[in-house]
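Per our numbering: the sequence shown ends with 315, consecutive numbering throughout.
Below is one structure, written out as structure tokens; the observations come after it.
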Amino acid sequence: MNQPLMPDLCNRRYPFHYTTALCLLIKLGIDISQIEILAIGEFENYKGEILWQEPAPGAVLTADARIRLKVGYPSAIDFMPYQFFYGLAGSERHSASWEEQAREILAPFDSSVIRHNAAAEYHTLKFNLGLVDRKQLSDFLQLFNFELSAESDEDQKALIWTTLMPFFHFWAGNGGLTEKALELIFGYEFDIIENTFGQFVIPEEIRYILGSPSGRLGRETVLGNRFHDYDSNYEIIIKGISSEEVRNFLPGGLNRKRLDAILRFCMPNHLDYRLKFEVKNKNTIIGRENRAAYLGYAAHI
15 MNQPLMPDLC
25 NRRYPFHYTT
35 ALCLLIKLGI
45 DISQIEILAI
55 GEFENYKGEI
65 LWQEPAPGAV
75 LTADARIRLK
85 VGYPSAIDFM
95 PYQFFYGLAG
105 SERHSASWEE
115 QAREILAPFD
125 SSVIRHNAAA
135 EYHTLKFNLG
145 LVDRKQLSDF
155 LQLFNFELSA
165 ESDEDQKALI
175 WTTLMPFFHF
185 WAGNGGLTEK
195 ALELIFGYEF
205 DIIENTFGQF
215 VIPEEIRYIL
225 GSPSGRLGRE
235 TVLGNRFHDY
245 DSNYEIIIKG
255 ISSEEVRNFL
265 PGGLNRKRLD
275 AILRFCMPNH
285 LDYRLKFEVK
295 NKNTIIGREN
305 RAAYLGYAAH
315 I
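In structure tokens:
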């Protein structure tokens, strides 16, 4: 069996939190009680990242290998007044060596706290049986002004939104990326076609009436009964859906209400959309003679 190698825990592109680093070492078979840890304070790095390691990345971790880490984690020394070291009378010597020495003195205590925090997190993730605290997810989503209770009662959907909302400004408003988000939420394949043909009725209040004295100037009225453009509409094609499931996307259906609510905040709200379905079921035929017909319905969605 090959011996494990020391991972790169100080990579600036992919920084490691001390919990992740120690859990990784546990998975490599390292006894974390033998790891020497020096807490150098949060001011060095408030995220609790690994800032220095020994041995270097790629080194073989033997049974007697000495592993040392410097972690951006508060030490007990950070809660003690400097008089504890200099006395009430103070000192004329100006040096920061006292702080470094104090951190080394308290390193066994600090490292014990850090190791046990990481071990507790490791065993929590290992034995929680995949259980998720729904209230914690709800509180997290409220940071993005997203009410989970109004969306769905399923924990799976809650986890999906927990993944999507931190990147909301990256994918929202983008037709191609919104397709992927809708696929995760509904489970069907979506296509969004932008700038489609749309026809609109001109309200009677501003419609020009032939012979109207006030309408002759054209200041407050518009000629015609309707107009069309390609800038106010988009089409959503739902693929791989059964004919029985289409009714849930009709006006008043549960999925239609969810889709309306989602599109209202992740797509331009002033645009109209049209639904189109590509049903996966075969056509249902009624009758066996020449007058046989397809069973279906027509509806304006």
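Where is the CB? At the ideal position from N, CA and C, for every residue including glycine.
Distance between residue j and residue i (C-alpha atoms, nearest Å)
i    : j    : result
I46  : H130 : 9 Å
L23  : L162 : 36 Å
G55  : A116 : 12 Å
N239 : M281 : 29 Å
L285 : F214 : 12 Å
A312 : H137 : For A312, the predicted structure reports a pLDDT of 46, less than 50, and the residue's modelled location is therefore unreliable. A value from the coordinates is still provided. Distance between the alpha carbons of A312 and H137 is about 57 Å.
P29  : S257 : 49 Å
A70  : F184 : 37 Å
F182 : L155 : 12 Å
E165 : F291 : Residue confidence for E165 is low, a pLDDT of 49 falling below 50, so the modelled location carries little weight; the figure read from the coordinates is stated next. Looking at the two C-alpha atoms, the distance is approximately 23 Å.
A121 : G86  : 13 Å
I207 : I250 : 6 Å
I315 : Y32  : Since pLDDT at I315 reaches only 42, below the 50 mark, its modelled position is unreliable, and no value is offered.
W66  : K84  : 5 Å
R316 : K271 : No statement about residue 316 is possible, as the shown extent of the chain runs from 15 to 315 and does not include it.
R278 : G212 : 19 Å
P21  : G267 : 52 Å
T34  : S125 : 15 Å
D243 : N209 : 9 Å
E114 : A79  : 25 Å
Residue burial classification, residue i (beta-carbon count within 10 angstroms, cutoff 16)
i    : result
T76  : exposed
S89  : buried
I252 : buried
V74  : exposed
Y287 : buried
I199 : buried
Closest Cα partner of residue i within the set the options
i    : options                   : result
R148 : T138, I174 and V127       : I174
C37  : E135, R270 and L155       : E135
P18  : I128, F211, L39 and R27   : L39
A195 : V146, N283, H137 and L273 : L273
K171 : E259, D245, G189 and L151 : L151
R221 : F241, F204 and D205       : F241
G190 : P180, M179 and E203       : E203
R82  : M94, I51, F93 and F57     : I51
Residue i - partner residues in DSSP beta bridges
i    : result
I206 : I250
R240 : V215
F342 : No answer is possible for residue 342: the residues shown for the chain start at 15 and end at 315.
K140 : According to DSSP, K140 bridges with nothing at all.
K84  : L52 and W66
Simplified DSSP assignment, three categories, for residue i
i    : result
Q115 : helix
E165 : At E165 the pLDDT is 49, less than 50, meaning the model places this residue with poor confidence and gives no usable figure here.
G189 : helix
R129 : helix
A195 : helix
V215 : strand
H284 : coil
Q170 : helix
V146 : coil
R27  : coil
D70  : Rather than Asp, the amino acid found at residue 70 in this sequence is Ala. Coil.
L19  : strand
F200 : helix
K380 : Because the chain spans 15 through 315 in this model, residue 380 falls outside it and cannot be assessed.
R272 : helix
A79  : coil
F154 : helix
E50  : strand
S89  : coil
L39  : helix
D124 : helix
Check: residue i C-beta below 7 Å from any heavy atom of the ligand SAM
i    : result
D205 : With respect to the ligand SAM, the structure shown offers nothing to examine, as it has no ligands at all.
Minimum Cβ-Cβ distance from residue i to chain C less than 8 Å
i    : result
R288 : Looking for chain C here will not work: only one protein chain is present.
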